[in-house]
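In my numbering, the protein residues as written are 42 to 350. Before any comments, here is the structure.
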Ligand SMILES: Cc1cc2nc3c(=O)[nH]c(=O)nc-3n(C[C@H](O)[C@H](O)[C@H](O)COP(=O)(O)O)c2cc1C
């Protein structure tokens, strides 16, 4: 696998239609993963409701929907509806570490009982119309769990196994276990995708024969050109960062005035890191609650602070 693909990570509450649409215009990402939706037998959405969920996302976005589930029937039913709606591939979230998710035996909790995981896949795989991509953690408590996790997935044919190289117990803190990933990922019979703290093109330097590519989350918000840079493609013709940010702001202004500022502030926690003085930049925006003022401060930031990307 010589040409590595680059995927945009799902990030609930941060990355939604406007960011996806803008980064698709920039380019460099083969696939964009949507934040998780619950697949639960008791609340199966109608196809029209599911279709509406993605209605703001531009056709140029190669979207991979993601489901959170611990139930084979619910997963199959929802994944097949998504396939009927035109999505050839669906991702299963087996990495979410959040307490209220794990306490319901969903997300990364599924990695704690590998026999149950195997049973779940046994009753899922043969009934799926879509290709199956799975996103996991390197382990629940320790990266030592990784080899046994890979063995289970080796019994099934997946489109890919995406590995966030932190344990679930680490949540989003601390360093990813990059070395432990490299030591064992080569044993995966399924194509493998590395995820965790890819912040610049030089970080995307893992050499494994079965490595399909990289998934990037926070690093792509700070630097939306990272996909192009990893592929050594020129960024001069891509939409400039100022316009990228304005594109997103305009979408929020036109579509969802109520959450407009709160969503943009969440993004600015990361956009600010693209400037020389991130804390200074974010401090100027964090307590503003007026859209016009927010817009004018953003203009001043671009006029006065040095961009580092
Ligand atoms: C605010 C936030 C929301 C996230 N939402 C999801 C999600 O919906 N599904 C998922 O699989 N991972 C989710 N993640 C994890 C990311 O997809 C990714 O695995 C993680 O941020 C590590 O990659 P990075 O270091 O490149 O950011 C989320 C992470 C953050 C910080």
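We put the CB at the ideal spot given by N, CA and C, even for glycine.
Closer than 8 Å: residue 147 CB and nearest ligand 1 heavy atom: no
Work out the CA separation of residue 239 and residue 245 for me, nearest whole Å. 7 Å
With DSSP collapsed to three states, give me the class of residue 180. strand
Burial state of residue 303, where buried means 16 or more other Cβ atoms lie within 10 Å: exposed
CA-to-CA distance, residue 120 to residue 169, given in whole angstroms: 7 Å
Taking the C-alpha atoms as reference points, what is the distance between residue 177 and residue 135? 5 Å
From which residue to which residue does the beta strand (DSSP E) around residue 48 run? 46-49
Classification of residue 185 by the beta-carbon crowding that lies within 10 angstroms, buried from 16 upward: exposed
Tell me whether residue 134 sits in a helix, a strand or coil according to DSSP, three-state version. strand
Any heavy atom of ligand 1 closer than 8 Å to the Cβ of residue 236? yes
Please confirm whether any heavy atom of ligand 1 lies closer than 8 Å to the CB of residue 304. no
Where do the ends of the alpha helix (DSSP H) carrying residue 207 lie? Residue 207 -> not in any alpha helix (DSSP H); beta strand (DSSP E) instead, spanning 201-208.
Are the beta-carbon atoms of residue 63 and residue 265 separated by less than 9 Å? yes
Which residues mark the beginning and the end of the alpha helix (DSSP H) in which residue 98 is found? Counting along the chain, residue 98 falls outside any alpha helix (DSSP H), and DSSP gives it neither H nor E.
Nearest-angstrom Cα distance between residue 90 and residue 130? 19 Å
Segments assigned alpha helix (DSSP H), at least 4 residues, entirely inside the segment 118-169: 140-143 and 155-163
Using a threshold of 8 Å, is the CB atom of residue 52 nearer than that to any non-hydrogen atom of ligand 1? yes
I'd like the list of long-range same chain contacts for residue 292, defined as Cβ closer than 6 Å, with 5 residues on each side in sequence excluded. 59
Contact test: residue 350 Cβ vs ligand 1 heavy atom, cutoff 8 Å: no
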